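Numbering (the working numbering), first residue to last: 38 to 381.
Below: the structure, in structure tokens.
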Amino acid sequence: MTQTLLPATSTESSSRPVVAVTGADGFIGSHLTEELVHAGYRVRAMAIYTSQGSYGWLDHVAPEVMQHVEVQLGDVRDAGSVRALMRGAQTVYHLAALIAIPYSYVAPRSYVETNITGTLNVLEAARDLGTARVVHTSTSEVYGTARTVPIHESHPLQGQSPYSATKIGADKLAESYFLSFGLPVVTLRPFNTYGPRQSARAVIPTIISQVAAGQRVIRLGDLRPTRDFNFVADTARAFRAVGEAGPEVLGRTLNAGSGREITVGDTVKLIGQVMGADLRVEQEDIRLRPEGSEVMRLLADHSELQALTGWAPQLTLEEGLRRTATWFTDPANLARYRVGEYTI
38 MTQTLLPATS
48 TESSSRPVVA
58 VTGADGFIGS
68 HLTEELVHAG
78 YRVRAMAIYT
88 SQGSYGWLDH
98 VAPEVMQHVE
108 VQLGDVRDAG
118 SVRALMRGAQ
128 TVYHLAALIA
138 IPYSYVAPRS
148 YVETNITGTL
158 NVLEAARDLG
168 TARVVHTSTS
178 EVYGTARTVP
188 IHESHPLQGQ
198 SPYSATKIGA
208 DKLAESYFLS
218 FGLPVVTLRP
228 FNTYGPRQSA
238 RAVIPTIISQ
248 VAAGQRVIRL
258 GDLRPTRDFN
268 FVADTARAFR
278 AVGEAGPEVL
288 GRTLNAGSGR
298 EITVGDTVKL
308 IGQVMGADLR
318 VEQEDIRLRP
328 EGSEVMRLLA
338 DHSELQALTG
348 WAPQLTLEEG
358 LRRTATWFTD
368 PANLARYRVG
378 EYTI
């Protein structure tokens, strides 16, 4: 359902409870910002500084939403930036991270500095400021290739890429601050989020952007891995659910996924059906992960999140793909992508 916000007075905006979002300029972060504004919050949003003055994907959020957003340019690696963002916020949603797996093979130290040190800065600021709740972002990649399915939160953690290793480190830091200092932190572990604004380094926008540009021979990597895809609006609702839930979620790690498993190859076929295109795939070696690094199977058990918060995915994969395809086929949106190029 489309929500429309009426123009707000400054009094209305200032009376809203304040929450902070790191990584608000990114794919999921911009959608979460919208979700929180629609739910009645004022969002203090961290966007990384660039000389172009860009706010990332927040530049493409509707003005009636942005009037309830205070953008703060900063860097999660900088403790002062983080503290300034979080001061006076009742909840911080910590999404800032380097997430591209292929680039983590190239520049692993940058992932340590952003994903681990950045998380430490958030936790330390929350401890000093008395922040009421920290929602920390994990990833299904920390599980590695599934040993048992569906994957419960108790599944072993396997660092199959430098990216996943740094996220495991960040998750364990968050856990340690709950156990050591009683910090009110909850970790959300989303599975394979997709939707409008996603980078073309991810498989669904890689496929859809090529189809939207008129290509029918799709260049991909391995077609065998299975994924549990979750539409970004459902992921954003999961974040808000754990941010607003009772104290029973504190100290917990909770999966957010659809509970549906599909191979990359079958995803291509489904997108072809949704977009009315007959597709053929050509494998490019450059898109393949190192053999021991590829996560071959992911399938979420989200029963704990559902039991504690009532959250469940609302959109089917088919409907989510339709919405994503509609966004990408808008020429203005498609123009932001280097279609067909391999994106690290």
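C-beta: ideal position from N, C-alpha, C; glycine also.
No experiment lies behind these values; they were computed from the predicted model shown.
How far does the beta strand (DSSP E) with residue i in it extend, from its first residue to its last?
i, result
"ILE85", "79-85"
"ILE255", "254-257"
"THR128", "128-131"
"ARG120", "ARG120 -> not in any beta strand (DSSP E); alpha helix (DSSP H) instead, spanning 116-123."
"ARG261", "Here ARG261 belongs to no beta strand (DSSP E), and DSSP marks it neither H nor E."
"GLU319", "317-320"
Could you tell me the alpha carbon to alpha carbon distance between residue i and residue j, rounded to whole angstroms?
i, j, result
"ILE381", "ALA163", "33 Å"
"GLN343", "GLY313", "35 Å"
"PRO139", "ARG326", "7 Å"
"MET103", "ILE323", "39 Å"
"THR87", "ALA61", "14 Å"
"THR39", "ILE65", "Confidence in THR39 is poor, its pLDDT being 36 and thus under 50, which makes the residue's placement unreliable; the coordinate value appears in the next sentence. Cα to Cα, the separation comes out at about 18 Å."
"ALA293", "SER191", "14 Å"
"VAL376", "THR243", "8 Å"
"VAL56", "PHE266", "27 Å"
"LEU352", "PHE228", "14 Å"
"ARG170", "LEU220", "8 Å"
"GLU328", "ARG226", "24 Å"
"THR41", "ALA76", "Low local confidence applies: a pLDDT of 38 at THR41 is under 50, so the model's placement there is unreliable, with the coordinate-based value given in what follows. For THR41 and ALA76, the distance between alpha carbons rounds to 12 Å."
"ILE245", "ARG373", "14 Å"
"ALA369", "HIS97", "11 Å"
"MET333", "ARG261", "7 Å"
"SER50", "GLY280", "20 Å"
"LEU157", "ASP315", "48 Å"
"SER141", "THR230", "19 Å"
"PRO145", "ALA134", "13 Å"
"ASP165", "ALA202", "27 Å"
"ARG53", "THR304", "41 Å"
With DSSP as the reference, identify every bridge partner of residue i, one or two as the case may be.
i, result
"LEU225", "THR174 and LEU291"
"GLN109", "MET83"
"VAL55", "ARG79"
"TYR379", "Answer is none; TYR379 lacks a bridge partner."
"TYR231", "PHE268"
"ILE299", "ARG264"
"ALA29", "The chain is shown only over 38 to 381; residue 29 falls outside these bounds and no answer can be derived."
Tell me whether residue i counts as near the ligand ZN, meaning its Cβ is closer than 6 Å to at least one heavy atom of that ligand.
i, result
"ASP315", "In the structure on display, the ligand ZN does not appear, and there are no ligands present to speak of."
Is it true that the CB of residue j sits closer than 7 Å to the CB of residue i?
i, j, result
"LYS204", "VAL179", "yes"
"ALA273", "LEU69", "yes"
"GLY155", "ARG120", "no"
"HIS105", "ARG79", "yes"
"GLN197", "SER330", "yes"
"THR366", "ALA249", "yes"
"THR346", "GLU298", "no"
"LEU95", "SER118", "no"
"GLU107", "ARG277", "no"
"TYR92", "ALA84", "yes"
"GLY232", "THR361", "yes"
"PRO350", "ASP259", "no"
"VAL254", "GLU319", "yes"
"ALA211", "THR224", "yes"
"VAL143", "VAL240", "no"
Over what stretch of residues does the alpha helix (DSSP H) that includes residue i continue unbroken?
i, result
"VAL240", "240-249"
"ARG184", "Here ARG184 belongs to no alpha helix (DSSP H), and DSSP marks it neither H nor E."
"GLU161", "155-166"
"GLY206", "199-218"
"PRO100", "100-103"
"ALA362", "354-365"
"TYR140", "138-143"
"LEU371", "368-371"
Three CB pairs or more closer than 8 Å across the stretch 304-315 and the stretch 155-174: Touching, no.
Please confirm if the stretch 182-192 is in contact with the stretch 120-136, defined as three or more CB-CB distances below 8 Å between the two stretches. Under the Cβ criterion (8 Å, minimum of three pairs), the stretch 182-192 does not count as touching the stretch 120-136.
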